[in-house]
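Notes follow once the structure below has been shown.
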Amino acid sequence: MAQMVVAGIVAEYNPFHNGHAYLIEATRAAGATHIVAVMSGDFIQRGGPACAPKAVRANAAVACGADLVVELPLPYAMATAERFAFGAIGVLDGLGCVGVLSFGSETGDLGLLARAAEAVLSPCCDELTKHLLAEGVTYARARQRAVETLYGEAVAEVLSSPNNTLAVEYLRQIFLRGLRMQPFTVQRKGALHDAGQADGSFASASLLRSLLDLEPLDAIARFVPPEAMEVYRSAESDGLFPFRPHSLDTAVLSALRQMAPETLASLPDLSEGLENRLYTAARQAVSLDGLLSLVKTKRYPLSRIRRLVWNAYLGVPGNLMQLPPPYVRILSSSRRGVEILSKSSRTAQLPVSHSAVRLEEKGEAAAQMIRLCARASDLYALGLPAVQPCGGDYTHKISVK
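Following my numbering, the numbering of the sequence shown begins with 633 at its first residue and continues without gaps.
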């Protein structure tokens, strides 16, 4: 039997499209025999709900070539790039059998990405970043300027693109943890991240979400593998897809208007009195977009404010994302995925299961995380075309494809 080479991919699949399929194909062509994706749950990194429930998105990924999809728990999924990578690499490492980390990047130059990761790990870079923050710029801009000062323009330029930035954070985690996970990058093909126009059969996920909001489902068919479209059509007929972007706006405003400043102060990634600004805005705004506009400043970019607002709505405690992932939760699997799980049964460093009930029994941290993710799914379900009852995380079953 050929040696099993398990590659990990960090994803949101929001929604799964031809670019995601291209990365999976390139990873297999490079020698991976099995692929596991760690995927955000019902809420995603930019801040806000995903376009479809996590089970639908996971099933679409497996239908299109991923062998196993596991969940990135909420506190990491809706966090800064640094904490997002911390959680994702922690989950993959928890399986104990992932030998390759595959990711897309704008540059496609692994050596340049590695130099950027080494740069941001430098204590000198950290000190200079803190100094530059005093000028009132964002953390991302301050860090990029620090890297440019210390390591040159070419290395700093890497940090100006979103996929490159995430790639640097993945590498940073590998270096910090001393992992043997071999990095492998594929240059992003077709439309750029958040591009407003398609490039042939490739379109950004943000463009696809815009089409889903304005057009019938078939409007995205040219940019999505047929196998994923089949999953999406079935989910649409069940009232599970697509999630309408503003369907929970009133619920979010209602939740924030009931929160005291001291409650807001416990949110993740909150500092410098931002809770007072958020508290005041929640009482003035009459729409979620209006709230975001009132809080956003040059120092606080929109993505950070979005995450703050949605973390407040979901009740995510600020300390939870500081803890390492306490389990690996299975969302969907193929037959080859079962082979990954068989191997991980001998190598896993974390509890592995599809069952929320079983994982809830694996200690206080696991119980807290599972309950938080389950509550988030219950709140997410209120915004679906067909509103769902509570408890979906506890009744979810997987069928091997």
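A virtual CB, placed ideally from N, CA and C, is assigned to each residue, including glycine. This one's a predicted model, so the numbers in the text were calculated from it and none came from an experiment.
Integer-rounded CB distance, given that residue j should sit under 8 Å from residue i
{"i": "residue 1015", "j": "residue 875", "result": "6 Å"}
{"i": "residue 907", "j": "residue 924", "result": "About 16 Å separates the two Cβ atoms, so there is no contact after all."}
{"i": "residue 839", "j": "residue 830", "result": "6 Å"}
{"i": "residue 931", "j": "residue 770", "result": "6 Å"}
{"i": "residue 783", "j": "residue 751", "result": "5 Å"}
{"i": "residue 732", "j": "residue 664", "result": "6 Å"}
{"i": "residue 714", "j": "residue 801", "result": "6 Å"}
Residue burial classification, residue i (beta-carbon count within 10 angstroms, cutoff 16)
{"i": "residue 1027", "result": "exposed"}
{"i": "residue 951", "result": "exposed"}
{"i": "residue 919", "result": "exposed"}
{"i": "residue 727", "result": "buried"}
{"i": "residue 756", "result": "exposed"}
{"i": "residue 805", "result": "buried"}
{"i": "residue 786", "result": "exposed"}
{"i": "residue 705", "result": "buried"}
{"i": "residue 686", "result": "buried"}
{"i": "residue 846", "result": "exposed"}
{"i": "residue 759", "result": "exposed"}
{"i": "residue 808", "result": "exposed"}
{"i": "residue 984", "result": "buried"}
{"i": "residue 635", "result": "exposed"}
{"i": "residue 889", "result": "exposed"}
{"i": "residue 967", "result": "exposed"}
{"i": "residue 1038", "result": "Residue numbering for the chain in the displayed model covers 633 to 1033; residue 1038 lies beyond these limits and cannot be assessed."}
{"i": "residue 961", "result": "buried"}
{"i": "residue 734", "result": "buried"}
{"i": "residue 642", "result": "buried"}
{"i": "residue 702", "result": "buried"}
{"i": "residue 719", "result": "buried"}
Residue span of the beta strand (DSSP E) that contains residue i, given as start and end
{"i": "residue 815", "result": "814 to 819"}
{"i": "residue 667", "result": "666 to 672"}
{"i": "residue 702", "result": "700 to 704"}
{"i": "residue 736", "result": "732 to 737"}
{"i": "residue 629", "result": "Outside the shown range of the chain (633 to 1033) lies residue 629, about which nothing can therefore be said."}
Whole-angstrom distance between residue j and residue i, CA atom to CA atom
{"i": "residue 1004", "j": "residue 948", "result": "7 Å"}
{"i": "residue 865", "j": "residue 965", "result": "20 Å"}
{"i": "residue 975", "j": "residue 879", "result": "42 Å"}
{"i": "residue 973", "j": "residue 959", "result": "14 Å"}
{"i": "residue 693", "j": "residue 836", "result": "16 Å"}
{"i": "residue 674", "j": "residue 690", "result": "11 Å"}
{"i": "residue 917", "j": "residue 982", "result": "43 Å"}
{"i": "residue 910", "j": "residue 927", "result": "6 Å"}
{"i": "residue 648", "j": "residue 753", "result": "32 Å"}
{"i": "residue 795", "j": "residue 870", "result": "33 Å"}
{"i": "residue 775", "j": "residue 1030", "result": "42 Å"}
{"i": "residue 882", "j": "residue 922", "result": "12 Å"}
{"i": "residue 729", "j": "residue 814", "result": "12 Å"}
{"i": "residue 633", "j": "residue 768", "result": "Legend: pLDDT at residue 633 = 44, less than 50; position of this residue unreliable, value from coordinates given subsequently. Taking the straight line joining both Cα atoms gives about 58 Å."}
{"i": "residue 941", "j": "residue 1020", "result": "23 Å"}
{"i": "residue 620", "j": "residue 855", "result": "Lying before the first or after the last residue shown, residue 620 is absent from the chain, which here runs from 633 to 1033."}
{"i": "residue 991", "j": "residue 763", "result": "43 Å"}
{"i": "residue 660", "j": "residue 790", "result": "26 Å"}
{"i": "residue 816", "j": "residue 810", "result": "16 Å"}
{"i": "residue 653", "j": "residue 695", "result": "10 Å"}
{"i": "residue 797", "j": "residue 640", "result": "18 Å"}
{"i": "residue 894", "j": "residue 887", "result": "14 Å"}
{"i": "residue 901", "j": "residue 892", "result": "17 Å"}
{"i": "residue 978", "j": "residue 841", "result": "40 Å"}
{"i": "residue 679", "j": "residue 943", "result": "8 Å"}
{"i": "residue 1018", "j": "residue 849", "result": "16 Å"}
{"i": "residue 739", "j": "residue 747", "result": "13 Å"}
{"i": "residue 745", "j": "residue 820", "result": "14 Å"}
{"i": "residue 666", "j": "residue 834", "result": "25 Å"}
{"i": "residue 669", "j": "residue 969", "result": "10 Å"}
{"i": "residue 725", "j": "residue 884", "result": "34 Å"}
{"i": "residue 818", "j": "residue 914", "result": "42 Å"}
{"i": "residue 737", "j": "residue 863", "result": "27 Å"}
{"i": "residue 936", "j": "residue 993", "result": "33 Å"}
{"i": "residue 1023", "j": "residue 905", "result": "36 Å"}
{"i": "residue 934", "j": "residue 903", "result": "15 Å"}
{"i": "residue 1025", "j": "residue 986", "result": "10 Å"}
Range of the contiguous alpha helix (DSSP H) that encloses residue i
{"i": "residue 716", "result": "713 to 727"}
{"i": "residue 806", "result": "794 to 809"}
{"i": "residue 869", "result": "858 to 869"}
{"i": "residue 694", "result": "686 to 695"}
{"i": "residue 772", "result": "771 to 783"}
{"i": "residue 662", "result": "Taken as a continuous stretch (DSSP letters only), residue 662 belongs to no alpha helix (DSSP H), as it is neither H nor E."}
{"i": "residue 1033", "result": "Neither: residue 1033 is in no alpha helix (DSSP H) and is coded neither H nor E."}
{"i": "residue 752", "result": "742 to 753"}
Any C-beta of chain D under 8 Å from that of residue i
{"i": "residue 959", "result": "In the structure shown, chain D does not exist; there is a single protein chain."}
Residue ranges of each beta strand (DSSP E) within the segment 924 to 1007, 3 or longer
Whole beta strand (DSSP E) segments, 3+ residues: 960 to 965.
Enumerated in chain order, which unbroken segments of the alpha helix (DSSP H) with a length of 4 residues or greater are wholly contained in the segment 862 to 922?
If only complete runs of 4 or more residues are kept, the segment 862 to 922 shows the alpha helix (DSSP H) at 881 to 889, 893 to 896 and 906 to 916, in order along the chain.
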